[in-house]
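In what follows, a structure is listed as structure tokens, so that the remarks can point back to it.
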Amino acid sequence: MMMRLLKVDMLKMKRKGMWFLTILGPVGVIALQMVNYGVRKEYLLEQSNDYWGYYLKNISAFTPLAIVLGIVILTSFMASIENETNAWKQLVALPISKMSVYLSKFTALSIMLFLSSCLLMIFTLGFGLFLDFNQEIPFLEVSQYSFFPFFAALPVLALQLWIATVSKNQGIPITVGVVGVIFAYSAFTLPDWMIWKWPSLMNEWDDPTINVWLGLGVGSLLYIIGMFDFKRRDVK
Amino acid sequence: MLAILQSEWFKLRKSKITLLLFVGPLIGLFIGLTGNSLNVGEQMNQWYAPLFMMNFTYAILFLPLITGVLASVICRYEHQEGGWKQLLALPVTRGKVFLTKYLLLILLVLFIQILYLGAIYAVGTIKGFTDPFPLTIVWKSIIGGWVATMPLVALQLWLSILFKSFAAPFAVNVIFTLPTILVVNSERFGPYYPWAQPFSMMYVGGSTDDVFFIPWDQLLTVVGGGFLVFFLCGYIYFQRKPI
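Protein chains in written order, with my numbering: chain X, 55 to 290; chain L, 501 to 743.
Here it is, written out as structure tokens:
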């Protein structure tokens, strides 16, 4: 049943521009670096001897922002698909549990974000090779910088999906998202416990895997809270 | 005209917008109080350090993004259950409706800016600054930021009328706003990018000879030109929009 629900959700997302945004996210992040390196490559190469490392740092300055904003947009889209035509009523009238409805939406969004991360890795490698640094390619770091922010951003996904599905006025989740992105942008000064800091992979201990585990743990927790709240509420 | 403005205000008052308006100054407070103190040198006015920091995040990311949200909020009632039909069945012209919505939006942005001014003052007071408050500079920055968002507001209003969902105009907004972080570093492209103008106009380090922090020709061409293009496109689109 889960598969069929997921298929339905995928079908609903067709031709809404959501897939376009999924691809645009990683393309945009790399495109910004293309402009950055295109305009001032000499200057950027002077900044550090570890060309690949510096290049990854530049990319990872935008990845958290793109992920957080992408989550905000996609979750709000997801909710408006049902909100606009009052389809929640019809959806929950079907012989399926509300929990699986919620799970299917969460899964669909996770798949999209995961795809974004895969694309980010491919584009990172592609443009990195194009820049021709003449240094060994740090595959491990490249995949870390591509996939870790996704896992670390799962709590934000769970939170935004929760707010978006239970708010009738989509202005609320979007405003929360704007605040979130400001937090993500000021990650440097943020305390470690704030979920918006995690996609930046920064923490006190300088170990990005902590952010991944925190993301998975707190993400599941927030997901469960959101799911039960969604189940509890009446569909008007 | 005044009657339409009044009815727009009534519609807004019940839609939790008041909470939205306070997010801006709270963000300002947050940045001002948490950021590491920038060392601006001994001779400089103490107020400059938080001003630089707060204006940076506020003008690059927050202001452009929140104006988009406000624009969507303002069109929300009409998109629901045939609101456009009801509104336009009244003895009002479409042009006036568009103009009123725009006016209300920029008034809201001005209100946010004034609250943000309060946030700047609060940060300084909490930190116990003794230097005189650089009132003219701050005013310039507040009003400048407000003027610079006018074209962005026009575009967002157009998009919000075009799309039913909140997410679509917001996505467009994000696509144009994110590159600003890089664009402001560039002396070549920065002055021509409309989304970078709130930052340039709020940047307190600019020259203080002119009325604003950017030269008049840049203000007129980029901000003024952007405003004309976006406003006219939105205006014409709304005239022809099939309801």
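Note that the Cβ used here is the ideal one computed from N, Cα and C, for glycine as well.
Discussion item. Check whether chain B comes within 8 Å of Phe181 of chain X, counting only Cβ atoms and requiring the distance to be less than that.
Written reply: Protein chains X and L are contained in the structure displayed, whereas chain B is not.
Worksheet entry | Rounded distance between the beta-carbons of Gly269 of chain X and Ala206 of chain X, thought under 8 Å | 4 Å
Fill in: Simplified DSSP assignment, three categories, for Gln101 of chain X
coil
Worksheet item: Between Gly82 of chain X and chain L, is there a C-beta pair that is closer than 8 Å?
Response: Yes, Gly82 of chain X lies at the interface with chain L (some Cβ there is under 8 Å from its Cβ).
Practice prompt. Indicate whether Gly124 of chain X and Gly71 of chain X have their beta-carbon atoms separated by less than 8 Å.
Written response: Not in contact: Gly124 of chain X and Gly71 of chain X (Cβ atoms no closer than 8 Å).
Item to complete: Closer than 7 Å by beta-carbon distance: list the chain X residues that pair up with Lys664 of chain L, in chain order.
Response: Glu138
Item to complete: Specify, as a first and last residue, the run of the alpha helix (DSSP H) that Arg286 of chain X falls within.
Response: Pro262 to Arg286
Worksheet item: In three-state DSSP terms, what is Arg688 of chain L?
Response: coil
Fill in: Extent of the continuous alpha helix (DSSP H) to which Asn673 of chain L belongs
Ala667 to Thr677
Practice prompt. Using a Cβ-Cβ cut-off of 8 Å, state whether Ser130 of chain X counts as contacting chain L.
Written response: yes
Item to complete: Output yes if chain L places a C-beta closer than 8 Å to the C-beta of Ile165 of chain X; else output no.
Response: no
Worksheet item: Can you give the Cα-Cα distance for Asn685 of chain L and Val722 of chain L, rounded to whole angstroms?
Response: 18 Å
Discussion item. At the level of alpha carbons, what is the spacing between Tyr692 of chain L and Gln144 of chain X?
Written reply: 49 Å
Item to complete: Verify the CB distance criterion: does Ile661 of chain L have a CB-CB separation below 8 Å to chain X?
Response: no
Item to complete: Could you check if Trp247 of chain X is buried or exposed, using at least 16 other CB atoms within 10 Å of its CB as the buried criterion?
Response: So Trp247 of chain X ends up on the exposed side.
Worksheet item: Which chain L residues sit within Cβ distance under 7 Å of Leu119 of chain X?
Response: Taking a Cβ-Cβ cut-off of 7 Å, the neighbours of Leu119 of chain X in chain L comprise Leu678, given in sequence order.
Item to complete: Can you tell me which of X:Gln101, X:Lys68, X:Asn112 and X:Thr76 puts its alpha carbon nearest to the alpha carbon of Leu86 of chain X?
Response: Proximity to Leu86 of chain X across X:Gln101, X:Lys68, X:Asn112 and X:Thr76 peaks at X:Asn112, based on C-alpha coordinates.
Worksheet item: For Leu521 of chain L, which residues of its own chain have a beta-carbon under 8 Å away from its beta-carbon, when the five flanking residues on both sides are left out?
Response: Leu608, Phe611, Ile612 and Leu615
Worksheet item: Is it true that the CB of Trp252 of chain X sits closer than 8 Å to the CB of Ile191 of chain X?
Response: No, the pair does not count as a contact, with Cβ atoms beyond the cut-off.
Worksheet entry | Contact under 8 Å by Cβ, Val623 of chain L with Leu533 of chain L | For Val623 of chain L and Leu533 of chain L, yes; Cβs fall inside 8 Å.
Worksheet item: So which residues on chain X does Ala668 of chain L lean against when the C-beta distance must stay under 8 Å?
Response: Chain order gives the chain X residues near Ala668 of chain L as Gly71 and Phe131, where near means a beta carbon separation below 8 Å.
Discussion item. Counting only Cβ-Cβ distances shorter than 7 Å, please list the residues of the region 543 to 569 of chain L near chain X, keeping chain order.
Written reply: Thr557, Leu561, Phe562, Leu565, Ile566 and Val569
Worksheet item: Out of curiosity, what's the CA-to-CA distance linking Ile249 of chain X and Arg740 of chain L?
Response: Those two C-alpha atoms are separated by around 45 Å.
Worksheet item: Is the region 564 to 582 of chain L touching the region 232 to 239 of chain X in the sense that three or more CB pairs, one from each, lie closer than 8 Å?
Response: yes
Discussion item. If contact is defined by three or more beta carbon pairs under 8 Å, each pair taking one atom from either stretch, is the region 124 to 138 of chain X in contact with the region 166 to 186 of chain X?
Written reply: Contact check between the region 166 to 186 of chain X and the region 124 to 138 of chain X: three or more CB pairs, one atom from each, fall below 8 Å, which counts as touching.
Worksheet item: When we look at the beta-carbon of Glu687 of chain L and count the other beta-carbons within 10 Å, is it buried (16 or more) or exposed?
Response: exposed
Worksheet item: Which first and last residues belong to the alpha helix (DSSP H) in which Asn555 of chain L is found?
Response: Tyr548 to Thr557
Practice prompt. In the DSSP assignment, find the unbroken alpha helix (DSSP H) run with Ile176 of chain X in it and report its ends.
Written response: Counting along the chain, the alpha helix (DSSP H) containing Ile176 of chain X begins and ends at Lys152 to Leu185.
Discussion item. To the nearest angstrom, how far is the alpha carbon of Met553 of chain L from that of Phe730 of chain L?
Written reply: Each residue's Cα considered, the two are about 30 Å apart.
Worksheet item: On the premise that Met64 of chain X lies in contact with Ala133 of chain X, defined as a C-beta separation below 8 Å, what is that separation, rounded to the nearest angstrom?
Response: In fact, because the Cβ distance is near 16 Å, the residues do not count as touching under 8 Å.
Discussion item. I need the DSSP call for Gly595 of chain L, collapsed to helix, strand or coil.
Written reply: helix
Worksheet item: What do you get for Trp547 of chain L, buried or exposed, if any count of 16 or more other CB atoms within 10 angstroms of its CB means buried?
Response: buried
Practice prompt. Taking Thr630 of chain L as the query, report the chain X residues whose CB atoms sit under 8 Å from its CB, ordered along the chain.
Written response: Within chain X, no residue comes near Thr630 of chain L; the closest Cβ sits about 25 Å away, beyond 8 Å.
Worksheet entry | chain L contact for Ile249 of chain X (CB, 8 Å cutoff) | no
Discussion item. Quick check: what's the CA-CA separation for Gly271 of chain X versus Pro742 of chain L?
Written reply: 49 Å
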